[in-house]
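Reviewing the structure listed below.
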Amino acid sequence: MEIVIAVAIGVLFGSGLWLVLRPRTFQLITGLLLMSYAVNLFIFIMGRLWVDAPPLTLGDGPPDPSAYADPLPQALVLTAIVIGFATTALYLVVMIGSRGLTGTDHVDGEEGDE
Amino acid sequence: MSLPSWMQHLILVPVLLPLLCGALLLPLNESHHRLKYGVNFASVLGLLATALVLMGMADGEQWPTGIGVYLAANWAAPFGIALVADRLAALMLLLAAVLALAALVYSAQRWSRVGVHFHSLFQFLLMGVNGAFLTHDLFNLFVFFEVMLAASYGLLLHGYNTTRIRAGLQYIAVNLAASLFFLIGTALIYASTGTLNMADLAVRVPALTGTDVVLLEVGVAVLAIAFLVKSAMWPLGFWLPTTYAAASPPVAAMLVLMTKVGAYAILRLWLLLFSDEAGAAAGFGYEALLWGGMATILFGAAGLLASEVPGRLAGYGAIVSSGTLLAVVGYGQPALVTAGLYYLLGSTMAMAAFMLLIELIERIRSPGAALLAVTMEAFAIEEKPDEPVGVGIPGALAFLGLAFAGCALIIAGLPPLSGFVAKFGLFHALLNWGPDAAVTPYSWALMGLILFSGLAAIIALMRFGVRTFWAAGAVMPPRLQPTEVLPVGLLLLLCVGLTVAAGPVFGYLERTSADLHRPGQYIDSVLSAPVVPGVAGGRAANVPEVGQ
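Going down the list, the protein sequences come from chains A and B.
1 is the number of the first residue of the first sequence in the working numbering; add one for each residue after it.
1001 is the number of the first residue of the second sequence in the working numbering; add one for each residue after it.
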């Protein structure tokens, strides 16, 4: 299972990276989104892969750590998703503003000499 | 010595006060401008006072070992998030408050009114910066970085025009990508060590073996990319000159501070995690920082010589100063860090003053440019800002000339101002860093580069000064308002103060640098910080109570 997840993250991040290096703002933001999905998944699996293990449960007596998934990466990934979502939304606004003011969707705000 | 219980909470004030003020100002619309400005101003003054008190506490006898630890929600470290105020953090808080005060006073005349929510964004920026200085948890550092960056995106676009939005588009894209690297680095560090608390990390790093060391080193290297993008190390700093040149002057002054946040994070992490006691990972990355820093100085110096526009000139100046700091950290000698911190103080304030001054100097060239009618209309702001009519200050041209000369002397590092003292300190440390150690080729290379960057700065600034003040056709004495002159004067006077009081300042910085190079004491203070007994959260911790 590890190899499947690793390849999936790699493909996501690689596609994102390629798109980020493209000259149009739409490609750029799509690239950033793909990269942030990849990173979120990456954080998530840093607590190692667990099957059928709850992160936290209420119970009697001291818990047995080996029966639970690591809850911290799950908390981290939630925060990262929220922050990533907010900043991407903000970027979208700037992108639209740039399109309106400069009349082009090139990242330099002007067309190159193509 | 015990403290009154409320004093313990002072560490939280630099984060909480701007958060509350910024939130409070959000619902008010721009017609309450005076009120908003007043709240913002009061908050900045509060931050300044808090920073001074914290500095006194860190340097005094109040805290054992001079390190104040605040356990958020009463969770013992390393389980909860700890805020730590030591000498370095207090110093940086003070620097942030001083720059904020200068930028805010400067913005009173016009800039705070050319767009909406300037004051809220300003407060949130301060919250992010202060939080990044205080926090002791890597993921929390990420959160504060994002708060700071989100506010800076808004501030950069403040006074919305085509140049700013073009620069903003690239600045935001670069920083979003850098944030992703921050997350990858954090995740890798957690995977290899199982903790994100910096003190706990420093405890666990020496015990790592085999592949975990590799994983940690990869993680820290990826994390460092995020910091190095902020501090504009070559080749990660191409965004900086364009951004600085596009930002409005008070915002540019705050951006100068933000590059230093990256350098601060590097300094703190490296000296804590990769000290000599760090086992297999000891000394990791120092050489990369040294080479990167030197390349950055070279790049900045070349940029200084090549730039025509004063805004870009200032941007490359900031890159040189960042590069010097990174090289100093990479060199890894306590005495050098002392001088480096002194250099950081002087160069940050001078650079911020220069950012503010540029706009005033530009008025000599084009008197009409002072009016921002277009932006005002674009935002449909009802209340027109006070036009710069009425009596300006007398001797405007003399002031501009003197202030410019002052900035140039500090940035280029010529006597008699603080830039010279800083460079002298750096060279002294480079030449005498051990009782019997020979001066290495690295030292010579670094000294040569610092001298070369000083030369480049003086050539570039002189060229600009001569063209502006002497060779310009008809020089009109511009009309300057007291609120525009005061902050520039204040920052430069502080630099003069730094020079005059170089002895005591160096004393404080030596203690700071000694603390940084004794990570053991720092780690103990954080990990043994007592929880408040009998309060929720305190029960969960199994840390023995220590009498205060």
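Glycine residues also receive a C-beta, built at the ideal position from the N, C-alpha and C atoms.
Counting only C-beta atoms, is B/Glu1359 closer than 8 Å to chain A at any point? no
Reduced DSSP category for B/Ala1550 - H, G, I as helix; E, B as strand; rest coil: Because chain B spans 1001 through 1548 in this model, residue 1550 of chain B falls outside it and cannot be assessed.
B/Phe1079 to B/Leu1494, Cα distance in whole Å? 41 Å
Using CA atoms only, rank isn't needed, just tell me which of B/Trp1470, B/Ala1252, B/Leu1088, B/Val1143 is closest to B/Gly1159. B/Ala1252
Within the same chain, show all residues whose beta-carbon is closer than 6 Å to that of B/Pro1164, passing over the 5 residues directly before and after it, in chain order. Looking at the sequence shown, residue 1164 of chain B is not Pro but Arg. Around B/Arg1164: Leu1157, Ala1246.
Closest to B/Pro1530 by CA distance: which of B/Ala1073, B/Val1015, B/Ala1051, B/Pro1018 is it? B/Ala1073
Where B/Gly1503 sits in the DSSP three-state scheme: helix
Can you give me the C-alpha to C-alpha distance between B/Asp1515 and B/Thr1324, rounded to a whole angstrom? 21 Å
Between the segment 1477-1487 of chain B and the segment 1396-1410 of chain B, can you find at least three pairs of beta-carbon atoms closer than 8 Å? yes
If I measure Cβ to Cβ from B/Val1229 and keep anything under 6 Å in the same chain, skipping five residues before and after, which residues do I get? Ala1178, Leu1236
Per DSSP, what kind of secondary structure is B/Ala1445 in: helix, strand or coil? helix
My guess is that B/Tyr1522 and B/Ala1199 are in contact by the Cβ rule of under 8 Å, so how many angstroms apart are they, rounded? 7 Å
Interface residues of chain B facing A/Phe42 [CB-CB closer than 8 Å]: Leu1183, Ile1184, Ala1187
Could you spell out the range, first to last residue, of the alpha helix (DSSP H) harbouring A/Val39? 25-45
Which residues of chain A have a Cβ atom closer than 9 Å to the Cβ of B/Ala1132, listed in chain order? Residues of chain A passing the Cβ test: none, with the nearest at roughly 14 Å.
Chain A contact residues for B/Phe1139, given Cβ-Cβ distances below 8 Å: Leu76, Thr79
Quick one: using the 10 Å Cβ neighbour count with 16 as the cut-off for buried, is B/Glu1277 buried or exposed? exposed
Inter-residue spacing [alpha-carbon to alpha-carbon] between B/Leu1269 and B/Glu1362: 41 Å
Is it the case that the Cβ atoms of B/Tyr1552 and B/Ile1011 are separated by a distance below 8 Å? Since the displayed chain B opens at 1001 and closes at 1548, residue 1552 of chain B lies outside it and no answer follows.
Would DSSP call A/His106 helix, strand or coil? strand
Just to confirm the assignment, what range does the alpha helix (DSSP H) spanning B/Gly1115 have? B/Gly1115 -> no alpha helix (DSSP H), and no H or E assigned at all.
Counting only Cβ pairs nearer than 8 Å, list the residues of chain A close to B/Glu1146. Ile83, Thr87
Is the CB of B/Gly1168 under 8 Å away from at least one CB in chain A? yes
What does a CB cutoff of less than 7 Å around A/Trp50 pick up in its chain, not counting 5 residues either side in sequence? Ala69
Counting only Cβ pairs nearer than 7 Å, list the residues of chain A close to B/Ala1191. Met46
Would you kindly work out how many angstroms separate the C-alpha atoms of A/Leu90 and B/Leu1134, rounded to a whole number? 27 Å
Outcome for B/Ser1005 when other beta-carbon atoms lying within 10 angstroms are tallied against a minimum of 16: exposed
Work out the CA separation of B/Pro1416 and B/Leu1272 for me, nearest whole Å. 35 Å
Check the Cβ of A/Thr102 against every Cβ in chain B and list those closer than 8 Å, keeping chain order. Thr1162, Ile1165, Arg1166
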